[in-house]
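Numbering (my numbering), first residue to last: 384 to 584.
Data first, discussion second: the structure below is written as structure tokens.
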Amino acid sequence: MQRKLWEDEGTLDLQDGSITIHREYFPALKADAYLQKLGKIRWQQNQIVVFGKKHLEPRETAWYGDNGISYTYSGLTHTARPWIPILTEIRDGITDTIHTSFNSVLLNRYRDGQDGVGWHADDELELGNQPVIGSVSLGQTRCFQIRRKQTSREAISLNLHHGDLVVMSGETQKFWEHQIPKTTQQVGERINLTFRKIHHE
Ligand SMILES: O=C(O)CCC(=O)C(=O)O
384 MQRKLWEDEG TLDLQDGSIT IHREYFPALK ADAYLQKLGK IRWQQNQIVV FGKKHLEPRE
444 TAWYGDNGIS YTYSGLTHTA RPWIPILTEI RDGITDTIHT SFNSVLLNRY RDGQDGVGWH
504 ADDELELGNQ PVIGSVSLGQ TRCFQIRRKQ TSREAISLNL HHGDLVVMSG ETQKFWEHQI
564 PKTTQQVGER INLTFRKIHH E
């Protein structure tokens, strides 16, 4: 059930979490150039196991980061490829803006409306206690939904546009989950980058 469509810029105060949206963080021409370049990296569509059954993820992904960084979700361990200049440029800009450092980035490529990501929280142990996640949207506008874990089925929807930056912080991953639902609307490619800090013991 859709409760609210958030189209503004600024911070969505979740009480036990915080999501800040920087609209057009990258101006259109810059965002166009990033989209074009990132379309050409080596994308892969992984097979995941959900409730014992194998599925292809409904999107393509790529994972980059510092040497030795790996990340496990949905039964898959991803080993980071070494940073490439376009990703360090984007990473360093976000770090300057929000004063948070990142050692990895997970990229998602939604080829059309049939690609998406289901309800989840980025709450894996290796992300630490109150992870700060910087998430860049490039390409087609898609709806990003959040809802409180367990207690409510109501979702807050945010349309994420070309060049927007979303920062999730505080207890967001502990108490909230998010998704990019599939859509029957005609939408083209969207690339999302989520910058993260992985802690390896
Ligand atoms: O594509 C998005 O905006 C969200 C991606 C996401 O939820 C994730 O990488 O964990």
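A virtual CB, placed ideally from N, CA and C, is assigned to each residue, including glycine.
Spatial neighbours of residue i in its chain, beta-carbon cut-off 6 Å, leaving aside the 5 residues before and after
i: Trp446; result: His461, Ala463 and Leu489
i: Ile481; result: Val550
i: Ile529; result: Ile539, Trp559 and His561
i: Tyr417; result: Leu521
Identity of the residue in the options nearest residue i by Cα
i: Glu572; options: Glu443, Gly522, Thr480 and Lys423; result: Gly522
i: Glu554; options: Ile581, Val515, Thr534 and Ala538; result: Val515
i: Ser453; options: Ala538, Glu560 and Leu510; result: Leu510
i: Thr567; options: Asp495, Phe578 and Ser518; result: Asp495
i: Leu508; options: Phe409, Lys580, Trp389 and Leu418; result: Lys580
i: Arg492; options: His583, His405, Asn542 and Asn429; result: Asn429
i: Leu397; options: Asp449, Tyr408 and Arg531; result: Arg531
Any non-hydrogen atom of ligand 1 closer than 7 Å to residue i Cβ
i: Phe527; result: yes
i: Ser453; result: no
i: Asn450; result: no
Residue i (DSSP reduced to helix, strand or coil)
i: Lys532; result: coil
i: Leu412; result: helix
i: Phe434; result: coil
Close-in-space but distant-in-sequence residues of the same chain around residue i (CB under 7 Å, 5 per side omitted)
i: Ile431; result: His438, Glu440, Ser457, Gly458 and Leu459
Neighbourhood of residue i by C-beta, 8 Å cutoff - its chain only, sequence neighbours within 5 removed
i: Gly400; result: Met551, Ser552, Gly553, Glu554, Thr555, Gln556, Lys557, Phe558 and Trp559
**OP:** Within the segment 437-515, note down every full alpha helix (DSSP H) run reaching 4 residues or more, in order along the chain.
**Re:** 468-481
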